[in-house]
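Residue 508 in UniProt numbering sits at position 508 of the sequence shown, with consecutive numbering throughout.
Note sheet for the following structure.
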Amino acid sequence: MGKNNKKSRNNVKENIIFIIPICLILMIVPLIVRLKIVELNSDVAFFWTGSTNFDFFSYNKAKVFIFLVIAAVIINLFNKGFKLKSNKLLYIFSFTYILSVVISALLSKNKSVSLFGFPDRYEGVFALISYIIIMLLTYNLINSYKTIDSFLKCLYISAIIIGIIGLFQYFNMDFFNTQLGKRLIVPLSNSNLLEGLKFTLGERAVYGTLYHTNYVGSFMAILFPLTLSLAILHHNKYLKILFSLLSVLFLFNAITCHSRAGILGIIFSFVLLIILFRSYIIKHYRLFSIILVSSVILVIGANKVWNNYLFSKIGTLFSDAKNLVSNEQTKDNTLLKDISLDGKRLKINYNDAVLNFEIKNNTIFIYDDKNNELKYDMDFSNGKITIKDERYKDKDILFGLFDNKPLIQLQISTAKLYFIYDNDKFKILRNKGQYYEISKIEKLGFEGKENLGSARAYIWSRTFPLIKKSPVFGYGPDNFAMYFPQNDVVGKLNVYGDPYIIVDKAHNMYLQTLVNTGIISLISLIGIFLIYLIQSFKIYMKSKFETNYEIIGISVFLGICAYFIAALFNDSVVSVAPVFWILLGIGFGVNERVNN
């Protein structure tokens, strides 16, 4: 008996060694916040705000994640008990995805971005491949409940820390704006940056350690239904209380981070929970009545404390959906209709007028829409032009020289547009002395409704035309920003109020995949997801949730489904994606254990 116990303990130790890298990914990677100053090459810098990226949330996460994935693979090469499980279709879709991503990277014009990722994202080919590898590795390591329990405990540790940080951020006590917080995330070699460092995502912004409030939404969309299910189904009453408290913490973060994508994912998972738990609810109707009444009181109370914020936030989801399907346009916030070239003339189509500008011998000539020359006065001290025609008295125009070239500045609301005349052609001047060419912007869909979904409709309408130009393998991993029409200063001005803002993500994981790595990778990705969804529905639609595997399985399933829905409006990022892919691996592994 003693020898058997000793052998059993040794086996446990061996198993722990093989799962340590995955445990570290779940426990440490989401928490990493550390300054990394990345010098950008000229091609990437053109699409960024400068030649240097001061990254806190993505670069080191990606680096540590990829390192731990490599470590996990190497360690398990020595795992004598490691055997590939039989799921041929999963391996086929996974291999096809990896192959398509690699081909996409090889064909891309921006190799450095394809390999290592775009600034503040760093989701290049190595990160994308690592997602699939860690999912498959996790799936194949699920051979006992203890392994699953170890993974989830590590996830709870990082999630609790993120939730507590988010809680304090909501009450304007951001840890990363304290001296201790700053010193922890800024290397000693860059201590000169401490004094001027301040995170300003907005009043009460809940971003945790995940870079942006939207990604907190995706993260909490996974954690809330997972812990809520465990609170309902777990046999241990003390753990029920613990998971109940955790679900409240995660729901608080999900609501206060202002991410409607996360809220939508949670609503969907909650509806799914009711459908799947229907028999359990009938059997334990008293418990569910208490939970339901308590939840209603909690939500109404929270909404009142937050001055109707919660209900108004949910209401915007329905109003956006209504506006999307209606034939009516949304409220017209147009500041400028169009910018175009008419021969050598610059044509500005305001809301209420059209002006044409022409440069001859460094002198500016202005014409109306009927080609009539307009007289003007110029203040030579500042270059301000005042058109004498009363119809244009409110147009704010400056004229001068930039780098010895004629420059026109137009003030549109609170924004400024700059047009430089170079080699007999007008171009849009942006920061750092770089130029945007003036061209017709291709768009598809959402005409007049670009503001829907916090301007996601605008991004999608400009993204759809990109697909037809490179449908099979896309433009390269994380190359979205370099092919999005950044010269659409009119669209950006009307939607964001900032004509020079960089749009670097699709705000839709599936559309992001399609543009970056092409339709083969997207089909492969959806194939992986469908395998999991189909097998999970088959299992849990008829489950009584009596075994530990069933309880864990349904909890993970609801969290993953919430992420799928949130991903319709949020992107894949290294702050959250590693957690999702490991949970998907756990989901596959648990489903197999339940079936067996």
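Every residue gets a Cβ at the ideal spot worked out from N, C-alpha and C, and that includes glycine.
Remember, predicted model here, so these are calculated numbers, not experimental data.
- A distance below 6 Å between beta-carbons, with the five flanking residues on each side excluded, links Q411 to the following residues of its chain, in chain order: D396.
- Out of N591, V573, I523 and I531, the CA that lies nearest to the CA of S555 is found in N591.
- Closest option to F270, judged by alpha-carbon separation, among A455, N177, F168 and L251: L251.
- According to the DSSP assignment, I98 belongs to the alpha helix (DSSP H) that extends over K88 to L107.
- Under the three-state reduction of DSSP output, K198 falls in the coil class, being neither helix nor strand.
- For the 8 Å CB-CB criterion, G453 and F569 form a contact.
- In the structure shown, T178 falls within a coil segment according to DSSP collapsed to helix, strand and coil.
- Assignment of I501 by DSSP, reduced to helix, strand and coil, places it in the coil class.
- Relative to I586, the option among M135, D55, S100 and I28 whose CA is nearest is M135.
- Boundaries of the beta strand (DSSP E) around S340: D338 to D342.
- Nearest in C-alpha terms to I520, of all of I92, I560, Y122 and F399, is I92.
- Under the DSSP definition of a beta bridge, T256 lacks any partner.
- Excluding the 5 residues flanking it on each side, V354 has same chain C-beta neighbours closer than 8 Å at K347, I348, D368 and D369, in chain order.
- L194 and F473 do not touch by the CB rule: their CB atoms are close to 44 Å apart, not below 8 Å.
- Per DSSP, reduced to three states, the secondary structure at Q535 is helical.
- Counting C-beta pairs closer than 8 Å gives three or more between the region 155-167 and the region 239-256, which meets the contact rule.
- Rounded to whole angstroms, Y458 and I103 show a C-alpha spacing of 30 Å.
- Within the region 390-414, the runs of beta strand (DSSP E) at least 3 residues long that lie entirely inside it are, in chain order, 396-402 and 405-412.
- DSSP, read as helix, strand or coil, puts L68 in helix.
- Between the alpha carbons of P578 and G589 lies a distance of about 17 Å.
- No residue range can be given for M541, since it is assigned to no beta strand (DSSP E) and is classified by DSSP as neither H nor E.
- DSSP lists L410 as the beta-bridge partner residues of L417.
- When DSSP states are grouped into helix, strand and coil, K440 belongs to the coil group.
- Closest by C-alpha distance to V44, out of Y97, I28, K111 and S94, is K111.
- Rounded to whole angstroms, the separation of the alpha carbons of N351 and I339 is 12 Å.
- Counting only the Cα atoms, C154 lies some 31 Å from L197.
- Scanning its chain for C-beta atoms nearer than 8 Å, with the 5 sequence neighbours on each side dropped, one finds around I281 the residues I274 and F288, in chain order.
- Here D571 carries a coil assignment [DSSP, helix/strand/coil].
- Taking a contact to require three or more Cβ pairs closer than 8 Å, the region 112-119 and the region 38-56 qualify as touching.
- Pairing L239 with E447, the inter-Cα distance amounts to about 51 Å.
- Under the three-pair Cβ rule at 8 Å, the region 61-69 counts as touching the region 121-130.
- Taking C-beta atoms under 8 Å as the contact rule, L35 and P187 qualify, at a distance of about 6 Å.
- Selection L77, I37 and V73 evaluated against S58 yields I37 as nearest (Cα-Cα).
- In this structure, L226 lies away from L533, with their beta-carbon atoms at least 8 Å apart.
- In the same chain as I467, and ignoring 5 residues on each side of it, the C-beta atoms closer than 7 Å to its own belong to L514 and V515, in chain order.
- Straight-line measurement puts the Cα of I266 at about 16 Å from the Cα of F243.
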